[in-house]
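Everything below concerns the one structure shown next.
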């Protein structure tokens, strides 16, 4: 079938190529039909496998660019827009209903709870026009795999009339429909935000426990082993560290926190977000305490600046808070990241206190501390002998608990982890 895709978010491009791979003819609505089929956001271009998939579907004549007017002519539409683009979404719906007596809009945008109902109010013929909602649960770095191999497909629809078409679209991704759960659009929107809220609570809770474990001189790793062995708790999202980042994850938690505060005067998620901002500075605080509040002119290595491994984005990344704190205290920062160096340079620009390094080992030359912020695979097993030889002071602050403390201490490093 022919489907128009609206939006320039990661979800829009992943949905487009994945639907195209199943035989659909997909039309990305761009400024004009001549606009290149390339995401405007360079961080999206770094999504593993995405650009190759876009090119492959273009070559197969399954994926096309089209203008706004051309896009309005189709009966089936997919919206994956930024949370800030709700007004544009309303304008699009208002235009679509004047052009199509029969219309299905699948909304994948995280506009908030109740957004689908607001969009539905623009429909002129609800008997033949409808809006469905599917939560965007894609993770950067894993988006293509997750779209094509979902644990569950949640679809919010306000009418049974559209179910046959929705089932036809999603059957190739759902293992024969067994993984599809249907509910109302508002319930599906609520589910999306509830999932993210629960993940944030688990991350915040384990970080609080890890910080307490530091004070009690308890190994949080052993505590986590005991916790996760209980089937009521499980093992997911129980890895302590120096806070979470990312634009969309944080935005959805903030939206739910605001709604809870407004409707129930609850501050639970507001506290999680507030504590998470403090947690981002944990590696800096450990360094600050080690050097007795004086790091001026000290050379500090930072490994990893992306908000998580596998991507190039630094949006709301813990590394930003750490680097700003180091700059404020007069430190010289030697930084490395496998993918996000361009993003970091764009953010901080040329700065005499920041040295952008091509390799991780280069970043440790004459260093007086190494701060591990993002747990990229290539940092998992470095040459610690070379690392120690490079460093002026063999001090490691492991913000993600990826290294073995006892082993490093036996090698002569001073090691600080999170709750270890």
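Residue numbers (this note's numbering): 1444 to 1863.
Just so it is clear, CB atoms sit at the ideal spot from N, CA and C, and this is done for glycine as well.
Identify every residue that forms a DSSP beta bridge with residue i.
i, result
"residue 1550", "1522 and 1576"
"residue 1624", "1597"
"residue 1470", "1447 and 1507"
"residue 1777", "1744 and 1798"
"residue 1840", "1814 and 1859"
What is the DSSP secondary structure of residue i, counted as helix, strand or coil?
i, result
"residue 1581", "coil"
"residue 1571", "coil"
"residue 1692", "helix"
"residue 1846", "coil"
"residue 1828", "helix"
"residue 1565", "coil"
"residue 1817", "coil"
"residue 1790", "helix"
"residue 1616", "helix"
"residue 1457", "helix"
"residue 1804", "coil"
"residue 1419", "Because the chain is modelled from 1444 through 1863, residue 1419 falls outside the range shown and cannot be assessed."
"residue 1514", "helix"
"residue 1673", "coil"
"residue 1733", "helix"
"residue 1678", "coil"
"residue 1482", "coil"
Suppose the cutoff is 6 Å on Cβ atoms and the five residues either side in sequence are ignored; what does the same chain contact list for residue i look like?
i, result
"residue 1507", "1470"
"residue 1455", "1448 and 1523"
"residue 1774", "1738, 1741 and 1743"
"residue 1770", "1796"
From residue i to residue j, what does the alpha carbon distance come to, in whole angstroms?
i, j, result
"residue 1857", "residue 1849", "10 Å"
"residue 1713", "residue 1700", "6 Å"
"residue 1526", "residue 1552", "7 Å"
"residue 1718", "residue 1464", "43 Å"
"residue 1423", "residue 1862", "The structure shown does not extend to residue 1423, since the chain is modelled only from 1444 through 1863, so no value can be given for it."
"residue 1490", "residue 1651", "32 Å"
"residue 1799", "residue 1752", "18 Å"
"residue 1833", "residue 1580", "42 Å"
"residue 1662", "residue 1674", "21 Å"
"residue 1533", "residue 1710", "31 Å"
"residue 1725", "residue 1796", "21 Å"
"residue 1629", "residue 1854", "56 Å"
"residue 1492", "residue 1708", "44 Å"
"residue 1836", "residue 1680", "33 Å"
"residue 1514", "residue 1537", "13 Å"
"residue 1606", "residue 1512", "27 Å"
"residue 1531", "residue 1758", "23 Å"
"residue 1575", "residue 1612", "12 Å"
"residue 1573", "residue 1502", "33 Å"
"residue 1790", "residue 1684", "23 Å"
Should residue i be flagged as near chain D, meaning a C-beta pair shorter than 8 Å?
i, result
"residue 1690", "Included in the structure is just one protein chain, with no chain D present."
Smallest Cα separation from residue i: which of the options?
i, options, result
"residue 1521", "1547, 1480 and 1542", "1547"
"residue 1697", "1715, 1683 and 1486", "1715"
"residue 1641", "1802, 1795, 1693 and 1609", "1693"
"residue 1608", "1549, 1555 and 1628", "1549"
"residue 1499", "1459, 1474 and 1771", "1459"
"residue 1677", "1509, 1703, 1570 and 1645", "1645"
"residue 1786", "1809, 1755 and 1814", "1755"
"residue 1732", "1822, 1772, 1664 and 1763", "1772"
Who are the Cβ neighbours of residue i in its own chain at under 7 Å, not counting the five residues just before and after it?
i, result
"residue 1634", "1578 and 1597"
"residue 1453", "1487, 1490, 1581, 1583 and 1586"
Excluding the five sequence neighbours on either side, which residues of its own chain have a C-beta within less than 8 Å of the C-beta of residue i, listed in chain order?
i, result
"residue 1691", "1526, 1553 and 1579"
"residue 1727", "1764, 1765, 1768, 1769 and 1814"
"residue 1869", "Residue 1869 is absent from the model: the chain starts at 1444 and stops at 1863."
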